[in-house]
Structures are given as C-alpha cells and as structure tokens.
Amino acid sequence: MSTARAAAALLALALGCAPAPPIAETRTSQPAASEDPVVRELAERVNAHRRRLGRPPLQWDARVATVALRHSRNMVERDFFSHQDSQGRSPFDRLDAAGIRFSKAAENIASGQRDAASVLDSWLSSAGHRENLEDPDFTRHGIGRFANHWTHVFIRPPRIRPD
Numbered sequence: 003m004s005t006a007r008a009a010a011a012l013l014a015l016a017l018g019c020a021p022a023p024p025i026a027e028t029r030t031s032q033p034a035a036s037e038d039p040v041v042r043e044l045a046e047r048v049n050a051h052r053r054r055l056g057r058p059p060l061q062w063d064a065r066v067a068t069v070a071l072r073h074s075r076n077m078v079e080r081d082f083f084s085h086q087d088s089q090g091r092s093p094f095d096r097l098d099a100a101g102i103r104f105s106k107a108a109e110n111i112a113s114g115q116r117d118a119a120s121v122l123d124s125w126l127s128s129a130g131h132r133e134n135l136e137d138p139d140f141t142r143h144g145i146g147r148f149a150n151h152w153t154h155v156f157i158r159p160p161r162i163r164p165d
C-alpha cells in the first residue's frame, strides 16, 4: 500500500468511515452498483425518491462513479471543497477526460455527512441540488464517497440518431 493510500485509509478510519476501494483504471464489466454499501444505500434512496415523484430511476454507471470518487478523493487529499478540481477542471472536463460522452450532465457535492440519509436530506434541502436529483432528463449516475466527501454525477448519454 502506498504511503498516500495508507494515510488516506487512516484518515477515513479516524473520521468513522471505511476507506473507498482502490479505483481500477479499466474495468471489463460494470457492476450494478458501488461496492461501498453506504454509496449503494444513497443510490437506492435517490431512486426511491425519484420513483415517489414518478421519475424514472437512474441507472448506475461505474465509469461515472469512478469520476465521482476521484473528485471526492481529490477534495480530501488536496483540502478543498468545490466543483472545480485542484487543476481547475469542471465536472464536464472530468467526464470528457474519462472519455464519457454526454448530452447533459450535473454534479452535486457534499462534505461532512456521515450517512446516506443525511447527505440526501442536505441535497433535497437545496434547490439546485434537488433539481439535479429530480431532473427527468438524467438517466445515469455515479456516486463517490471518500472520507465523508460526497460527489454525485448525473448524465444523459448523447442521443443516437438513426441514419
């Protein structure tokens, strides 16, 4: 384990959460949901909220979740809290850099909440975050949590036009 990863793991344990699993650079298959049970619970809560409103559930996208997790980890390791990352890139730039195509995208971030219910309540209490959660145009999402820094990325893939 690298020194940076060991330090991050200790920080995560000190804050009362499990460290995030290592990020695979490439995956041959995409899991149905996160391996982190707290992230999985948040994804389920988000979709339950959307169903109550008559919105379609969001489909988990492991590649989008990797972008989200990297941003959460970056915020912790570089000690900042912003949609712009430590290199000045926006959520859209990060998706582009990961090779993820989209016709629409958005990002919610949170810091300090220790469980899925708390982070969802925080986002539902904020008009802009709520709008992203409830937007029927979004069809896919990924969530990353690192040391109680949360990033939720929403996308709609590009529409494919028949020839």
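Residue numbering for the sequence shown follows this note's numbering, beginning at 3 and increasing consecutively.
In this text, a Cβ means the ideal position worked out from N, Cα and C, and glycines have one as well.
Per DSSP, reduced to three states, the secondary structure at residue 110 is strand. Counted as a single uninterrupted DSSP element, the alpha helix (DSSP H) harbouring residue 94 occupies residues 93-99. Across the structure, residue 110 and residue 56 are spaced so that their CA atoms are roughly 21 angstroms apart. Around residue 162, the same chain offers no residue with a beta carbon nearer than 6 angstroms, after the five sequence neighbours per side are excluded. A direct Cα-Cα distance of roughly 6 angstroms separates residue 144 from residue 64. Counted as a single uninterrupted DSSP element, the stretch harbouring residue 51 is not any beta strand (DSSP E) but the alpha helix (DSSP H) occupying residues 39-54. Distance from residue 142 to residue 61 at the Cβ level is roughly 5 angstroms; contact confirmed, criterion being Cβ atoms closer than 8 angstroms.
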